[in-house]
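Trainee: Mind the numbering: the sequence shown is residues 104 to 583 in this note's numbering, read in order.
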Amino acid sequence: MATPSQFLKFVDDNADRFIKRLGEAVAIPSVSGDGKYRPEVFRMSAWLDGQLQSLGVTTKLVDLGKHVMDDQELPLPPAILGRIGDDPKKKTVLIYGHYDVQPAQKSDGWDTEPFTLVVDEKTGKLIGRGSTDDKGPILGWLNVLEAHKTLGLELPVNLRFCFEGMEENGSEGLDDLIKTEVTKGKESWFDGVDCVCISDNYWLNSRTPCLTYGLRGLVYFKLTISGPARDLHSGVFGRMVHEPMTDLITIMGKLVTPDGTILVPGVEDMVPSAQDDEIAIYEKLDYSVKDVEDAVGAPITLSQDKVSVIMGRMRLPSLSLHGIEGAFYGPGAKTVIPASVSGKFSIRIVPPQTPEAIEPLVKKYVEQEFAKLNSKNKLKIENLHDGRPWLADHRHWNYEAAIRATEAVYKRSPDLTREGGSIPVTLTFAESLGVNVLLLPMGRGDDGAHSTNEKIDRSNFIEGSKLLGTYLYEVGAIKA
Ligand SMILES: C[C@H](N)C(=O)N[C@@H](Cc1c[nH]cn1)C(=O)O
Ligand SMILES: [Zn+2]
Ligand SMILES: [Zn+2]
């Protein structure tokens with residue numbers, strides 16, 4: 104089943120309008136990790152639901168209940184389930200994406216307003232929070248649907264959608280929804296799904312498309328040290344009391360070495376060393392130390408050896424320190440002893456590590472290190488959220504279809520990669536539905552997801568939309 108040329112032409116002809124629609128999506132600050140934006144996450148769900156319905160998709164908004172975040176009870180944004188097509192002769196593809204985004208403020212160092220999509224005509228960059236993670240890819244699917252509806256073209260497969268608004272904050276509620284849905288058998292929204300496609304990660308570099316068959320998992324910790332009943336004057340109380348920030352920094356300093364080695368006993372030991380055949384795969388990838396330097400904007404890689412740098416992202420665990428809540432960080436020289444501070448850090452985990460195995464090791468170690476301080480302050484350590492790592496069979500027809508689609512659109516074979524980031528629901532889909540899951544990224548490695556000046560290139564958004572559609576045609580062409 105060849106991809107109809109009208110579809111490809113429609114995407115080109117409507118590129119400017121598609122970018123305008125991306126601008127509408129970016130303008131909704133659907134930040135899931137900050138309670139004050141929760142109404143915006145709901146607004147985003149309504150916007151997306153409206154778009155899907157207008158394109159002929161039957162939708163159902165599933166209430167996922169409530170959760171507590173930063174001591175505040177909040178309603179969880181709904182999961183949007185969608186379906187279009189019910190032809191038993193066609194394959195059924197489930198598409199997942201997330202409509203929430205990471206926090207962003209201009210003062211973080213953005214050159215432009217994060218929630219205003221800026222089209223840089225000179226570079227082709229479409230800059231704005233969520234442009235690549237994950238609104239651009241979600242809108243890529245809308246572009247495919249719109250082309251088919253407007254042109255009166257039959258979709259080559261039946262489609263099911265699952266879009267969530269909490270991915271950047273632990274995907275709360277979604278696992279339970281999927282597991283419950285699966286128990287409904289023929290009545291299940293996911294009944295008959297043959298494979299899953301997720302577009303929510305990035306190429307390794309800025310030139311070579313890739314397919315991704317692995318993700319790291321994540322365990323996210325909040326470590327709080329509290330002491331005085333209120334913030335104190337350091338001139339009045341300095342060297343008289345145990346200072347929470349001093350305790351916290353001491354413990355945070357014992358989690359990881361500057362070269363990335365995780366100091367929590369037992370964590371590194373769980374991971375087997377790479378064998379020669381696996382190393383050969385990393386050697387062959389179109390990737391260099393320079394690509395990392397370009398993507399991060401400085402020559403700061405942990406090694407000059409390509410394979411060890413790439414393994415740091417693809418197959419080793421990593422521990423990152425993210426921030427300290429409650430610490431003084433504003434301009435000026437406030438002489439304060441903060442009363443309570445919370446350090447945030449997370450560990451990206453790889454097979455065979457699991458959150459259940461990692462969490463007790465971290466808690467025990469942190470408690471032991473705190474005990475060594477002989478501090479009279481109080482320590483609390485919480486797991487804010489977690490997700491398991493995932494690996495798929497990349498020899499599956501789902502991947503073969505995506506390889507052919509990539510070759511058709513980009514005129515080159517894709518790299519096969521493992522992603523350093525996490526999409527917690529991936530493994531749940533694979534296990535609960537018992538089908539192959541493919542990660543088919545749209546954006547490039549230098550898009551700056553989670554960072555300042557996040558962007559997607561116009562060509563990735565437009566060619567990426569063609570890729571998603573072409574992939575559906577390739578799946579549709581596979582005989583049962
Ligand atoms: C890879 C995906 N686009 C992504 O960014 N996932 C997040 C998931 C997460 C978990 N806690 C907060 N966000 C990630 O890998 O950080
Ligand atoms: Zn993200
Ligand atoms: Zn994402």
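Ideal placement from N, C-alpha and C gives every residue a C-beta, glycine not left out.
This structure is a prediction, so every number in the text was calculated from the model and none was measured.
Please confirm if Gly-126 has its CB atom under 8 Å from at least one CB of chain C.
Mentor: Protein chain content of the structure displayed is limited to a single chain, and chain C is not contained in it.
Trainee: Just to confirm, does His-201 get its C-beta within under 7 Å of one of the non-hydrogen atoms of ligand 3?
Mentor: Translated into positions along the sequence shown, residue 201 becomes position 98. For ligand 3, at least one heavy atom lies less than 7 Å from the Cβ of His-201.
Trainee: Look at the alpha carbon of Lys-483 and the alpha carbon of Lys-514, and state the distance between them as a whole number of angstroms.
Mentor: Against the sequence shown, residue 483 aligns to sequence position 380. Against the sequence shown, residue 514 aligns to sequence position 411. Their Cα atoms are separated by approximately 54 Å.
Trainee: Rounded to the nearest angstrom, what separates Thr-219 and Ile-450 at their Cα positions?
Mentor: Within the sequence shown, numbered from 1, the residue matching residue 219 stands at position 116. Within the sequence shown, numbered from 1, the residue matching residue 450 stands at position 347. The alpha-carbon atoms of Thr-219 and Ile-450 are separated by roughly 32 Å.
Trainee: Got a sec: does ligand 3 put a non-hydrogen atom nearer than 7 Å to the Cβ of Asp-550?
Mentor: One-based indexing of the sequence shown puts residue 550 at position 447. Answer for Asp-550: no, Cβ out of range of ligand 3.
Trainee: Under 7 Å from any heavy atom of ligand 1, does the C-beta of Tyr-323 make it?
Mentor: Within the sequence shown, residue 323 is the residue found at index 220, counting from 1. Correct: Tyr-323 has its Cβ closer than 7 Å to ligand 1.
Trainee: For Asn-304, is the beta carbon positioned less than 7 Å from some heavy atom of ligand 1?
Mentor: Within the sequence shown, the letter at position 201 stands for residue 304. Yes, since a heavy atom of ligand 1 falls inside the 7 Å radius drawn around the Cβ of Asn-304.
Trainee: Comparing C-alpha positions only, which one of Leu-536, Ile-281, Tyr-305 and Leu-314 sits nearest to Asn-501?
Mentor: The count along the sequence shown starts at 1 and reaches residue 501 at position 398. Residue Leu-314 is the option with its Cα nearest to Asn-501.
Trainee: Runs of 4 residues minimum, wholly inside the region 492-576: which ones carry the alpha helix (DSSP H) assignment?
Mentor: Entirely contained in the region 492-576, the alpha helix (DSSP H) runs reaching 4 residues are, in chain order, 500-513 and 528-536.
Trainee: Give the single residue among Leu-256, Lys-466, Lys-289 and Pro-441 whose Cα lies nearest to the Cα of Leu-326.
Mentor: Position 223 of the sequence shown, counted from the start, is the residue given in the question as residue 326. Checking every option, the nearest Cα to that of Leu-326 belongs to Lys-466.
Trainee: With distances taken from CA atoms, which of Ala-118, Ala-430 and Gly-317 is nearest Glu-249?
Mentor: In the sequence shown, counting from the first residue as 1, residue 249 sits at position 146. Nearest C-alpha to Glu-249: Ala-118.
Trainee: According to DSSP, is Thr-360 part of a helix, a strand, or is it coil?
Mentor: As a position in the sequence shown, residue 360 is number 257, starting the count at 1. The answer is coil: DSSP assigns Thr-360 none of H, G, I, E or B.
Trainee: Looking at the unbroken alpha helix (DSSP H) that takes in Phe-264, where does it start and where does it end?
Mentor: Counted from its first residue, the sequence shown places residue 264 at position 161. It is not in any alpha helix (DSSP H) - Phe-264 instead sits in the beta strand (DSSP E) that spans 261-267.
Trainee: Straight-line CA distance for Ser-411 to Ser-108?
Mentor: Within the sequence shown, numbered from 1, the residue matching residue 411 stands at position 308. Within the sequence shown, numbered from 1, the residue matching residue 108 stands at position 5. If I take the Cα positions, the gap works out to 43 Å.
Trainee: Starting from the Cα of Glu-143, find the closest Cα among Glu-127, Asn-477 and Leu-405 and give me that residue.
Mentor: As a position in the sequence shown, residue 143 is number 40, starting the count at 1. Of the candidates Glu-127, Asn-477 and Leu-405, the one whose C-alpha sits nearest the C-alpha of Glu-143 is Glu-127.
Trainee: By the 10 Å Cβ neighbour count, where 16 or more other Cβ atoms means buried, how is His-63 classified, buried or exposed?
Mentor: Residue 63 falls outside the range modelled here, since the chain spans only 104 to 583, and no answer is possible.
Trainee: Given 7 Å as the limit, tell me if Glu-271 has its C-beta closer than that to any heavy atom belonging to ligand 2.
Mentor: Within the sequence shown, the letter at position 168 stands for residue 271. Correct: Glu-271 has its Cβ closer than 7 Å to ligand 2.
Trainee: Starting from Pro-178, trace the beta strand (DSSP E) both ways and give me its first and last residue.
Mentor: Here residue 178 refers to the residue found at position 75 when the sequence shown is read from its first residue. Here the beta strand (DSSP E) through Pro-178 covers 175-178.
Trainee: Return yes when at least one heavy atom of ligand 2 lies under 7 Å from the C-beta of Asp-489, else no.
Mentor: For the purposes of this step, residue 489 is identified with residue 386 of the sequence shown, where counting begins at 1. Because no heavy atom of ligand 2 lies under 7 Å away, the Cβ of Asp-489 does not count as near it: no.
Trainee: If you compare alpha carbons, which of Lys-357, Leu-419 and Pro-347 is closest to Tyr-385?
Mentor: Reading the sequence shown from its first residue, position 282 is the one you call residue 385. Out of Lys-357, Leu-419 and Pro-347, Leu-419 has the C-alpha closest to the C-alpha of Tyr-385.
Trainee: Mapping the DSSP letters down to three states, classify Val-114 as helix, strand or coil.
Mentor: As a position in the sequence shown, residue 114 is number 11, starting the count at 1. Note: Val-114 maps to helix in three-state DSSP.
Trainee: Along the beta strand (DSSP E) that carries Leu-314, what are the first and last residues, could you check?
Mentor: As a working note, residue 314 is residue 211 in the sequence shown. Here the beta strand (DSSP E) through Leu-314 covers 313-318.
Trainee: Please tell me whether, using a cut-off of 7 Å, the distance from the CB of Asp-237 to the nearest non-hydrogen atom of ligand 3 is below it.
Mentor: Taking the sequence shown and counting its residues from 1, one reaches residue 237 at position 134. Checking the Cβ of Asp-237 against ligand 3 gives yes.
Trainee: Cβ of His-553 within 7 Å of any heavy atom in ligand 2?
Mentor: Along the sequence shown, read from residue 1 onward, the residue named residue 553 stands at position 450. Because some heavy atom of ligand 2 lies under 7 Å away, the Cβ of His-553 counts as near it: yes.
Trainee: With a cut-off of 8 Å on the beta carbons, I'd call Val-444 and Pro-347 a contact; round off their distance for me.
Mentor: Taking the first residue of the sequence shown as 1, we reach residue 444 at position 341. Taking the first residue of the sequence shown as 1, we reach residue 347 at position 244. That belief holds up - the Cβ atoms of Val-444 and Pro-347 are roughly 5 Å apart, short of 8 Å.
Trainee: Would you mind reading off the limits of the beta strand (DSSP E) that contains Tyr-199?
Mentor: As a first step, residue 199 must be located in the sequence shown, where it is residue number 96. Counting along the chain, the beta strand (DSSP E) containing Tyr-199 begins and ends at 195-201.
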